[in-house]
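Working notes for the structure below.
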Amino acid sequence: MKQIDKSKPVLVTGATGYIAGWLVKSLLDEGITVHAAVRNPDDTQKNAHLVELAKNSKGEIKFFKTDLLDANSYKEAMTNCELVYHTASPFTLDVKDPQKDLIEPAVIGTENVLKQANKIETVKRIVVTSSCAAIYTDATDCSMAPNGVLTEEIWNTTSSLEYQPYSYSKTLAEKKAWEMNKEQNLWDLVTINPSLVLGPALNANSVTSESYNLLKQLVDGTMKIGAPKMGIGMVDVRDVAEAHFQAGFNPNANGRYITSAHNTNFLEIAQSLLPKYGDKYPIPKKALPKWLLMIVGPMINKAMTRRYIKNNVNIEFKADNSKIKNELGIAFKPMQETMEDSMQTLIDNGIV
Ligand code: NAP
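In terms of the numbering used here, the sequence shown has 96 at position 93, counting the first letter as 1, and numbering is strictly consecutive.
As structure tokens, this is what we get:
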């Protein structure tokens, strides 16, 4: 049981990220000093929302120049920290070279951050942002799970460098983290494994997360004629941040946590916007037939291969979120609230 001293700085890697923004906000609101590890501390535009959050809170923010592939770059940022959040990892589905663009930053990056922690005696706990992608690749994988439901016991065995390499990168990175956790006694490890994260962004105009591409595509007319009934889990970004906060400060937090509010599909997610925005925006009302998707999918998105469509469209996704609810007291937001708040950020920022 480890209690984290809130007067000590807390490191957040990938602090400019979509999820990390909300986590940094919770930490700052709590009066904590955040060590924000970013690739470019001089990019005032990209970091502006974090500076603004610190101005309006009790906490303080300090920026550190780091890179996942630079082994020694985390030393200064980690000094004096008891708690480390490792969120940085590329989340993109359209890559040219999966080994270089996804696997290396995810796995070598995790190794570099954790190796650094082995050398800094103050570090007591590391929370790694993993993913449900480290548990499964396709909705059809659910049927291989006991009772057809994904739990924290399950590991992704179906992704590879060739098929859904993002999922593969998250699987290898999380495995590396647990392996390194076993080899030392200094810090304990907790992983947060979110499903698809949606919700408002604090940095709407500079988001790199694939979440935002998907969000835009749901409402900007790309799916006007219909959305795929593709089985997926979904969770609000603010709940994911709260999950990270609890995983860091709740002394009883342990192991992996599936962080997924709703077992749903793309069509249902889009339809939750119809009551408020259906009249003004081209929100999909109908399911796109699987046969049509088989033809157009691969043309729209490189990751939408026929195999992916076959294994996910019209297939139910089921994950068990009881561990995080029971152990960390997370209460998930309703889908409609997440989606209406997401839509409002897109409108307010002129994105749709
Ligand atoms: P994001 O906004 O793109 O954030 C990822 C951050 O990682 C970026 O801000 C970037 O920071 C940093 N990063 C990327 N490559 C890097 C590199 N080579 N060196 C150093 N930093 C690098 O994406 P996100 O959605 O918030 O994702 C955050 C984490 O959540 C990731 O680990 C992702 O796999 C995980 N996750 C996301 C979802 C989702 O649906 N969004 C679901 C499950 C898990 P800089 O550009 O400032 O360096």
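Heads up, the beta-carbon is just placed ideally off N, CA and C, and yes, glycines get one too.
The model shown is predicted, which means the values in this text are computed figures rather than measured ones.
(message) At the level of alpha carbons, what is the spacing between Val2 and Ala142?
(response) The shown model of the chain, from 4 to 355, leaves out residue 2, and the question about it has no answer.
(request) Pull up the distance between the alpha-carbon of Met302 and that of Ala204, whole angstroms please. (result) 28 Å
(message) Using only the alpha-carbon positions, how far apart do Gly112 and Gly281 sit?
(response) 42 Å
(request) Mind listing, in chain order, the continuous alpha helix (DSSP H) runs of no fewer than 4 residues lying wholly within the segment 164-227? (result) 168-185 and 213-222
(message) Considering only heavy atoms of ligand 1 and the C-beta of each residue, which residues fall inside 5 Å, strictly closer?
(response) Gly17, Thr19, Gly20, Tyr21, Ile22, Val41, Arg42, Asp70, Leu71, Thr90, Ala91, Ser92, Pro93, Phe94, Pro108, Thr132, Ser134, Pro197, Leu199, Val200, Thr211, Ser212 and Ser214
(message) As a quick exercise: from Asp97, Ala91, Ile123 and Gly62, pick the residue whose alpha carbon is nearest that of Lys78.
(response) Ile123
(request) Using alpha carbons as the reference points, say which of Met233, Thr125 and Ser76 lies closest to Asp356. (result) Because the chain in this structure spans residues 4 to 355, residue 356 falls outside the shown range and cannot be described.
(message) In the DSSP assignment, the alpha helix (DSSP H) including Ala250 goes from what residue to what residue?
(response) Val240 to Phe252
(request) Going by CA-CA distance only, name the one from Gly224, Ala306 and Ser10 that's closest to Glu165. (result) Ala306
(message) If I follow the unbroken alpha helix (DSSP H) through Leu270, where does it start and stop?
(response) Phe269 to Gln274
(message) Taking 7 Å as the limit between beta carbons, can you name the residues of its chain near Ile327, skipping five residues before and five after?
(response) Ala246, Tyr260, Ile261, Thr262 and Ile333
(message) Spatial neighbours of Asp73 within its chain, please: C-beta separation below 8 Å, excluding the five flanking residues on both sides.
(response) Asn115
(request) Count the other CB atoms, across all protein chains shown, that sit within 10 Å of the CB of Val54; report buried if there are 16 or more and exposed otherwise. (result) exposed
(request) Taking all protein chains shown into account, decide if Val222 is buried (16 or more other Cβ within 10 angstroms of its Cβ) or exposed. (result) buried
(message) Using a 10 Å radius around the Cβ and a threshold of 16 neighbouring Cβ atoms, would you call Val69 buried or exposed?
(response) According to the sequence displayed, residue 69 carries Thr and not Val. The residue in question, Thr69, is buried, as its Cβ has 16 or more Cβ neighbours within 10 Å.
(message) Going by beta-carbon coordinates alone, are Ser10 and Leu31 separated by less than 8 Å?
(response) no
(request) Give the DSSP-derived three-state secondary structure of Ala307 in the structure shown. (result) It is Met, not Ala, that sits at residue 307 in the sequence shown. Looking at Met307 - three-state DSSP - the assignment turns out to be coil, as it is neither helix nor strand.
(request) Write down the C-beta distance between Leu276 and Glu343 rounded to the nearest angstrom, noting that I regard them as a contact closer than 8 Å. (result) 7 Å
(message) Excluding the 5 residues flanking Asn314 on each side, which residues of the same chain have their C-beta closer than 7 Å to its C-beta?
(response) Asp141, Ala142 and Thr143
(request) Select from Tyr215, Glu340, Gly300 and Gln274 the residue whose C-alpha is nearest the C-alpha of Lys288. (result) Gln274
(message) So Gly20 and Ala91 are supposed to be a Cβ contact under 8 Å. How far apart are they, rounded?
(response) 7 Å
(request) Output the distance between the C-alpha atoms of Gly236 and Gly151, rounded to the nearest integer angstrom. (result) 14 Å
(request) Run through the segment 278-339 for me and flag every whole alpha helix (DSSP H) of 4 or more residues, listed as ranges in chain order. (result) 293-303, 309-315 and 325-331
(request) Please list, in chain order, all residues of the same chain as Lys28 whose beta carbon is under 6 Å from its beta carbon, the five residues on each side excluded. (result) Leu56
(message) To the nearest angstrom, how far is the alpha carbon of Ile129 from that of Lys65?
(response) 19 Å
(request) Rounded to whole angstroms, what's the CA-CA distance from Lys336 to Arg241? Just pull it up for me. (result) 9 Å
(message) Tell me the residue span of the alpha helix (DSSP H) that contains Glu63.
(response) Where Glu63 is concerned, there is no enclosing alpha helix (DSSP H), although the beta strand (DSSP E) it sits in stretches over Glu63 to Lys68.
(request) Helix, strand or coil for Asn75, going by three-state DSSP, please let me know. (result) coil
(message) Could you tell me the alpha carbon to alpha carbon distance between Ile22 and Met297, rounded to whole angstroms?
(response) 32 Å
(request) With Asp157 as the anchor, note down where its beta strand (DSSP E) starts and where it stops. (result) Inspection of the sequence shows that residue 157 is occupied by Ile rather than by Asp. Segment: none, Ile157 is in no beta strand (DSSP E) and carries neither H nor E.
(message) Tell me the rounded alpha-carbon separation between Ser209 and Trp25.
(response) 15 Å
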